[in-house]
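What follows is a short report on a single structure.
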DNA sequence: AGGCGGTAGTTCGTCCCACGAATTTTGTTA
DNA sequence: TAACAAAATTCGTGGGACGAACTACCGCCT
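Protein chains in written order, with our numbering: chain A, 76 to 229; chain B, 76 to 229.
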């Protein structure tokens with residue numbers, strides 16, 4: 076709860092407020108692509124590969140029943156598709172349709188652009204420092220990979 | 076979109092993923108206090124002072140009609156109260172009830188604790204650096220004050 | 001084989017959230 | 001005072017989240 080006397084914001088407040096900011100940017104970008112935030116997230120996760128419902132639930136932090144609805148709606152919009160799992164006839168593999176893949180790509184790219192723009196006033200070294208510190212928070216606290224790395228090639 | 080070769084996460088991904096993390100922590104804390112995330116936010120904003128509906132809408136980034144519902148539900152739970160504005164009989168001032176103030180305090184404190192805990196592996200200087208960088212993002216991008224400073228006394 | 005416990009997903013009912021359009025009431029101003 | 005603007009609410013629609021109950025299937029164990 077420590078707070079310094081000068082005009083500086085505290086760490087906690089900085090985290091919370093930047094969170095709201097990123098959230099708003101993400102939601103705005105989704106909206107402009109005709110997506111809800113959740114649907115946008117779903118598309119981003121599926122960009123990497125198809126997933127089963129349970130895996131998706133774990134990744135997105137949603138209950139099974141919540142996911143059924145989300146996939147239903149996204150499927151109804153033609154962005155995603157349920158396919159039977161050849162190994163296990165109980166299971167389902169959710170994958171992007173071609174329209175979904177295209178939209179996911181556009182959404183992802185544009186969202187990255189906007190978020191990167193938030194640090195437009197930063198020097199490269201500062202951007203790097205920020206990435207390192209936030210990266211530690213993320214790894215220290217075990218966040219599931221909900222947003223792909225910008226350049227997953229390596 | 077720049078990505079370095081080593082195991083380091085990119086700035087954009089770091090921002091997005093830490094955002095999800097903070098969000099989850101916030102929502103979890105709210106949940107355990109019997110609140111939704113939105114209601115928790117409302118309480119936190121009102122900790123500082125009562126607000127009119129329009130101001131609240133602007134602060135929280137919500138449409139007027141969305142706010143009516145949120146305040147309705149929170150009022151129904153006895154945490155918040157609409158009082159007529161003495162200056163303007165169209166307007167309404169939303170304020171915490173005593174129960175609401177108590178709960179807001181508990182929620183706020185506990186939430187801060189948990190978020191601070193996310194940086195438990197940080198040296199003080201690192202925590203400070205993080206605060207400065209995120210603080211710049213926040214001020215550069217004009218976020219409304221949606222989460223009070225940890226120590227508003229001064 | 002046959003049975004049985006666990007797993008994958010869906011359905012259902014409930015509540016919360018967000019929005020726009022239309023409406024009411026009140027203040028303001030020309 | 002008549003017109004206009006502002007503060008809220010209402011209403012209808014759709015998305016989102018959850019838990020509990022349910023179906024279908026897998027694998028295993030005897």
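Don't be surprised by glycine CBs; every beta carbon is placed ideally from N, CA and C.
Quiz item: What residues in the region 123-151 of chain B bring their beta carbon closer than 7 Å to a beta carbon of chain A?
Solution: The residues in question are 136.
Exercise. Can you tell me which of the three DSSP states residue 217/B falls into?
Key: The answer is coil: DSSP assigns residue 217/B none of H, G, I, E or B.
Self-check item: Integer-rounded CB distance, given that residue 102/A should sit under 8 Å from residue 112/A
Solution: Rounded to the nearest angstrom, the Cβ distance from residue 112/A to residue 102/A is 5 Å, consistent with a contact under 8 Å.
Self-check item: Where the alpha helix (DSSP H) containing residue 133/B begins and where it ends
Solution: 128-135 is the extent of the alpha helix (DSSP H) around residue 133/B.
Quiz item: Does any CB atom of chain B fall closer than 8 Å to the CB of residue 180/A?
Solution: Chain B contact via Cβ: absent.
Practice problem: Answer yes or no: does any C-beta atom of chain B fall closer than 8 Å to that of residue 83/A? | Solution: In terms of beta-carbon proximity, residue 83/A lines the interface with chain B, with at least one pair separated by less than 8 Å.
Quiz item: Comparing the C-beta of residue 106/A with each C-beta of chain B, is any distance below 8 Å?
Solution: Taking Cβ atoms only, chain B never reaches closer than 8 Å to residue 106/A, which makes this a no.
Quiz item: Along the chain, where does the beta strand (DSSP E) that runs through residue 171/B open and close?
Solution: From DSSP, the beta strand (DSSP E) with residue 171/B extends over 167-171.
Self-check item: Bridge partner(s) assigned by DSSP for residue 158/B
Solution: According to DSSP, which records beta bridges pairwise, residue 158/B is partnered with 168/B.
Exercise. Return yes when the Cβ of residue 154/B is within less than 8 Å of the Cβ of residue 135/B, no when it is not.
Key: No, these two residues do not count as a Cβ contact at 8 Å.
Self-check item: Contacts around residue 146/B, its chain only, beta-carbon distance under 8 Å, and the 5 residues preceding and following it disregarded
Solution: Around residue 146/B: 117, 128, 131, 155, 157 and 169.
Quiz item: If you run the structure through DSSP and keep just helix, strand and coil, what is residue 178/A?
Solution: Helix.
Quiz item: What is the DSSP secondary structure of residue 111/A, reduced to helix, strand or coil?
Solution: Residue 111/A: coil per DSSP, three-state reduction.
Quiz item: In three-state DSSP terms, what is residue 123/B?
Solution: The three-state reading of DSSP puts residue 123/B in helix, counting H, G and I together.
Quiz item: For residue 196/B and chain A, any beta-carbon pair shorter than 8 Å?
Solution: Yes, contact with chain A.
Exercise. Could you tell me the boundaries of the alpha helix (DSSP H) in which residue 194/B lies?
Key: Note, residue 194/B: premise wrong, no alpha helix (DSSP H); not H, not E.
Quiz item: If you draw a straight line from the alpha carbon of residue 216/B to that of residue 196/A, how long is it in whole angstroms?
Solution: CA-to-CA, the gap between residue 216/B and residue 196/A works out to about 10 Å.
Quiz item: For chain A, is any of its Cβ atoms less than 8 Å away from the one on residue 191/B?
Solution: Yes, contact with chain A.
Quiz item: Near residue 209/B, which residues of its chain fall below 6 Å by C-beta distance, leaving aside the five closest residues on each side in sequence?
Solution: Contacts found: none.
Practice problem: Starting from residue 165/B, find everything on chain A with Cβ-Cβ shorter than 8 Å and list it in chain order. | Solution: What residue 165/B touches in chain A: nothing, since even the nearest Cβ is about 29 Å away.
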